[in-house]
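K.L.:
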Amino acid sequence: MDKYKKDLRKSSKEEIEAKREILNGMISEGVNNQDLLKVSQELDKLIGKYYKLYLDKK
1 MDKYKKDLRK
11 SSKEEIEAKR
21 EILNGMISEG
31 VNNQDLLKVS
41 QELDKLIGKY
51 YKLYLDKK
């Protein structure tokens, strides 16, 4: 796999972890469901992007 794709995957993974931390914090703070849904959907998109990059390497 070329370095660009590898770096892109690493960056995507870091974005996922950061968004997951935000979502967990929101849950523990009792943020309203609409805001939780928005962040959860953003996280789903990031995960989809990551797996697309992961599958493209094969």
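Residue numbering for the sequence shown follows this note's numbering, beginning at 1 and increasing consecutively. Don't be surprised by glycine CBs; every beta carbon is placed ideally from N, CA and C.
Does the Cβ-Cβ distance between residue 22 and residue 47 come in under 8 Å?
P.N.:
Cβ atoms of residue 22 and residue 47: not closer than 8 Å.
K.L.:
How many whole angstroms separate the CB atoms of residue 12 and residue 53, which I take to be in contact at a CB cut-off of 8 Å?
P.N.:
Between residue 53 and residue 12 the Cβ distance is about 6 Å, and since that is below 8 Å, they are a contact.
K.L.:
Roughly how many whole angstroms lie between the Cα atoms of residue 4 and residue 10?
P.N.:
Roughly 10 Å separates the two Cα atoms.
K.L.:
For a test of the three-state rule: what should DSSP assign to residue 71, helix, strand or coil?
P.N.:
Look at the range of the chain in this structure, 1 to 58, and you will see that residue 71 is not part of it.
K.L.:
Does DSSP classify residue 31 as helix, strand or coil?
P.N.:
Reduced to three states, the DSSP call for residue 31 is coil.
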